[in-house]
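Residue numbers (our numbering): 15 to 507. Let me begin by presenting the structure, written as structure tokens, before commenting on it.
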Amino acid sequence: MSVRVRFAPSPTGFLHIGGLRTALYNYLFARHNSGTFVLRIEDTDQARYVEGAEEDIIKSLEWAGMTIDEGPNKPADFGPYRQSERKPMYAEYAKQLVDGGHAYYAFDTTEEIEEMRERLKASGNPSPSYDSITRQSMKNSLTLPQDEVDKKLANGDEYVVRLKIPRRETVKFEDLVRGVVSFETAGLDDQVLMKSDGMPTYHLANVVDDHTMGITHVIRGEEWLSSAPKHMLLYKAFGWEPPTMAHLPLIMSPTGGKLSKRKAETEGIPVNTKDYISGNYEPEALVNFLSYLGWSPGDDSEIHSLEELCELFTLDRVSKGGAVFNHKKLMWYNEHYIRETSVADLLPRVKKLAEAAGFETKGEEYLTTVVELLHERVSKIDEFISMGSFFFETPKEYDESALKKWKDDSSGLVKAYQSKINVLSDTEFIASALKSALEATVEENEVGFGKVMMPVRIATTGQGFGPDLFASLELLGKEEVLSRIDIALDQLN
RNA sequence: GCCGCGUUCGUCUAGGGGUCUAGGACGCCGCCCUUUCACGGCGGUAGCACGGGUUCAAAUCCCGUACGCGGUACCA
């Protein structure tokens with residue numbers, strides 16, 4: 015049987031980083047096994063539905079390089095791929111469960127359930143639930159006479175369908191990440207399968223869809239482990255072979271706990287994939303970083319393309335413990351991929367960013383040199399613009415910490431250098447000549463190299479750091495350099 | 001509280017009874033390179049949660065404790 019996996023997010027918001035990793039592991043597993051990667055939208059909670067979320071999910075996966083084989087955007091034989099569009103199906107399967115004695119109708123109002131909980135709490139049960147014991151004293155098709163149940167259903171009274179959890183059973187199954195896990199049914203509640211609005215809950219829809227869509231492996235976050243026994247019970251009740259389970263470790267916040275939107279934001283970590291897109295991160299870097307958050311190929315390698323990861327990925331190498339999101343390591347990956355990318359490939363992207371920042375890019379040749387000069391020192395592509403802003407405009411201000419290196423004698427030295435390069439013709443205005451001129455200035459004034467170099471750098475770039483000074487000056491051109499020195503001399507004295 | 005899952009350097013991880021004096025990566029520190037800042041190169045720092053077993057031998061197996069995380073909804 016060929017492998018079929020699904021990524022099944024609910025469109026309740028933008029795709030966050032944890033969801034992206036779950037998608038990635040599913041994708042990697044699918045590709046490794048020449049299987050099919052399915053996208054299914056779990057939109058059964060109408061109250062939490064967010065407009066545009068589905069588009070965001072698809073766009074995010076595409077950006078990361080994951081090709082969806084089947085999904086709402088790519089219909090195939092197992093559609094529809096939105097649960098809301100599969101609604102009639104769930105009711106039928108729920109009925110099948112009821113008829114088979116595995117589920118029942120419950121007519122209790124939320125107030126009545128609340129009342130039951132309060133009553134049990136008062137008598138010492140800290141977490142009462144609607145289960146094999148309490149259902150005996152509630153209003154459902156197990157306790158009510160058949161004719162009354164029929165009447166209520168015919169009347170159109172509101173009801174839910176609940177799973178009839180067996181009283182005392184052990185549910186055991188093998189998880190590809192965790193090994194054998196087992197649960198006692200005594201601790202499980204009679205999960206609602208069909209809500210009173212006619213929509214299924216996650217549990218029913220998920221099991222029905224995974225089965226009817228031919229899903230062979232369920233790869234999802236650990237937050238689902240606790241409800242997995244209910245799902246196993248459902249497969250059994252339907253008489254279906256359950257898919258193989260694999261519960262992934264959660265991505266944790268540096269301060270502890272599951273990496274939530276709120277936590278991530280206060281810690282300066284972008285949570286939504288769209289923030290990585292708009293933040294100009296390299297998708298290859300995020301993918302590589304994420305793949306190693308809870309998995310490793312077992313050797314000392316760190317860098318792998320998506321294709322290589324597909325080749326290497328196996329579920330038995332996924333770790334069990336939660337993995338803390340380390341933004342610095344992500345940046346290391348990002349930096350790596352920037353350096354791996356050729357100047358030619360970087361060029362159009364830098365051009366676009368520069369134009370978006372309102373800069374005149376001064377021609378392809380000029381921009382190419384800018385990218386070359388900065389290539390080894392940026393860690394994110396937008397730094398070509400921020401760090402290299404002086405290539406596009408005269409510095410508006412001078413970096414404060416750099417100014418500490420502007421000493422009393424700096425003006426004089428900069429002036430001396432200016433007069434030396436002033437005599438160079440436009441064609442003589444090249445890095446080597448500019449360097450010689452500075453060396454001459456150094457010699458004549460009997461000072462250290464940095465004594466002249468740094469003030470010149472500050473005057474012309476506004477920064478105390480940056481790419482090779484002489485190559486930068488050459489690119490800027492004689493007229494511009496001289497003019498910047500004039501302005502600096504004027505402003506810094 | 002109850003149920004479940006987990007725990008190797010600060011972080012991500014390798015390791016699955018002897019080859020572990022515990023390996024790699026990020027970070028951090030130092031040195032080299034160097035006109036600055038980076039890049040790069042070299043080196044360093046730092047860890048088997050704790051307590052009992054089992055065994056000739058335990059980071060590795062078992063039990064317990066602690067701690068962490070998840071679940072405990074007509075949310076997913």
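For glycine and all other residues, C-beta sits at the position ideal for the given N, C-alpha and C.
By alpha-carbon positions, which one of the options ends up nearest to residue i?
i              : options                           : result
methionine 509 : Leu273, Phe92 and Asn302          : As displayed, the chain neither begins before 15 nor continues past 507, which places residue 509 out of reach and without an answer.
threonine 50   : Arg18, Phe479 and Tyr39           : Arg18
leucine 448    : Asp423, Leu483, Asp422 and Lys429 : Leu483
proline 142    : Leu202, Ala105 and Gly193         : Leu202
isoleucine 283 : Ser497, His30, Leu111 and Pro25   : His30
leucine 156    : Leu111, Lys366, Tyr118 and Leu190 : Tyr118
methionine 345 : Asp314, Glu397 and Lys334         : Glu397
valine 301     : Glu460, Glu457 and Tyr351         : Tyr351
serine 439     : Ile71, Glu488 and Ser393          : Glu488
aspartate 423  : Ile435, Glu453, Pro263 and Glu460 : Glu460
serine 74      : Gly33, Asn139, Gly377 and Ser274  : Gly33
proline 23     : Leu218, Arg100 and Ile72          : Ile72
threonine 375  : Glu494, Ile399 and Asp413         : Ile399
threonine 215  : Ser356, Leu248 and Ser137         : Leu248
valine 437     : Thr474, Lys492 and Val194         : Lys492
alanine 371    : Val232, Thr383, Ser403 and Lys275 : Ser403
arginine 234   : Phe327, Asp189 and Ala278         : Asp189
leucine 496    : Val470, Phe479 and Asn507         : Val470
valine 206     : Thr36, Ile127 and Lys272          : Ile127
Excluding the five sequence neighbours on either side, which residues of its own chain have a C-beta within less than 6 Å of the C-beta of residue i, listed in chain order?
i                 : result
methionine 468    : Lys419
tryptophan 77     : Ile291 and Pro297
phenylalanine 373 : Phe406
histidine 116     : Lys178 and Ala251
tyrosine 95       : Arg54, Gly85 and Pro86
tryptophan 254    : His225
Leaving aside the five residues before and after residue i along the sequence, list all residues of the same chain whose C-beta is less than 8 Å from its C-beta, in chain order.
i              : result
aspartate 211  : Gln60
methionine 246 : Val185, Phe187 and Pro256
proline 89     : Tyr95
asparagine 294 : Leu367, Lys394, Ile395 and Asp396
Using the Cα positions of residue i and residue j, report the straight-line distance between them to the nearest angstrom.
i                 : j                 : result
glutamate 321     : valine 52         : 18 Å
phenylalanine 303 : threonine 269     : 19 Å
isoleucine 82     : asparagine 40     : 11 Å
threonine 287     : alanine 120       : 41 Å
aspartate 57      : threonine 230     : 22 Å
proline 140       : leucine 134       : 8 Å
leucine 387       : isoleucine 317    : 25 Å
threonine 199     : histidine 217     : 16 Å
methionine 103    : glutamate 349     : 49 Å
aspartate 70      : phenylalanine 21  : 14 Å
glycine 464       : glutamate 414     : 18 Å
leucine 503       : lysine 342        : 39 Å
tyrosine 380      : serine 486        : 11 Å
aspartate 204     : glycine 335       : 30 Å
serine 137        : alanine 299       : 56 Å
glycine 377       : methionine 259    : 56 Å
arginine 363      : arginine 391      : 17 Å
glutamate 125     : phenylalanine 327 : 49 Å
Sorted by chain position, which residues of the same chain lie with C-beta nearer than 7 Å to residue i's C-beta, five sequence neighbours on each side aside?
i              : result
cysteine 324   : Leu42, Arg45 and His46
glutamate 281  : Ser267, Pro268 and Thr269
tryptophan 238 : His261
threonine 408  : Arg498 and Ile501
glycine 27     : Val64 and Ala67
asparagine 340 : none
glycine 308    : Leu262, Pro263, Val332, Ser333 and Ala337
valine 466     : Leu427, Tyr431, Leu452, Thr455 and Val456
lysine 209     : Val174 and Thr215
lysine 429     : Leu503
Self-check item: Length-filtered (4 minimum) alpha helix (DSSP H) runs lying within the stretch 399-438
Solution: Fully enclosed alpha helix (DSSP H) runs of 4 or longer: 414-417 and 424-436.
Exercise. Taking only runs that begin and end inside the stretch 174-248, name each unbroken beta strand (DSSP E) of 3 or more residues, in chain order.
Key: Scanning the stretch 174-248 for uninterrupted beta strand (DSSP E) segments of 3 residues or longer gives 174-177, 184-189, 193-198, 206-208 and 231-235, listed from N- to C-terminal end.
Quiz item: Does the pairing of the stretch 145-163 with the stretch 174-192 give three or more beta-carbon distances under 8 Å?
Solution: Yes: at least three Cβ pairs fall under 8 Å.
Quiz prompt | the stretch 126-144 touching the stretch 156-166, judged by at least three CB pairs closer than 8 Å | solution = Output reads no: the stretch 156-166 does not touch the stretch 126-144.
Quiz item: Enumerated in chain order, which unbroken segments of the beta strand (DSSP E) with a length of 3 residues or greater are wholly contained in the stretch 15-100?
Solution: Along the stretch 15-100, the beta strand (DSSP E) occurs as fully enclosed runs of 3 or more residues at 18-21 and 50-53, listed in sequence order.
Exercise. Note down, one range per segment and in chain order, each alpha helix (DSSP H) of at least 4 residues found wholly within the stretch 430-484.
Key: Unbroken alpha helix (DSSP H) stretches of 4 residues or longer found wholly inside the stretch 430-484: 445-459 and 463-475, given in chain order.
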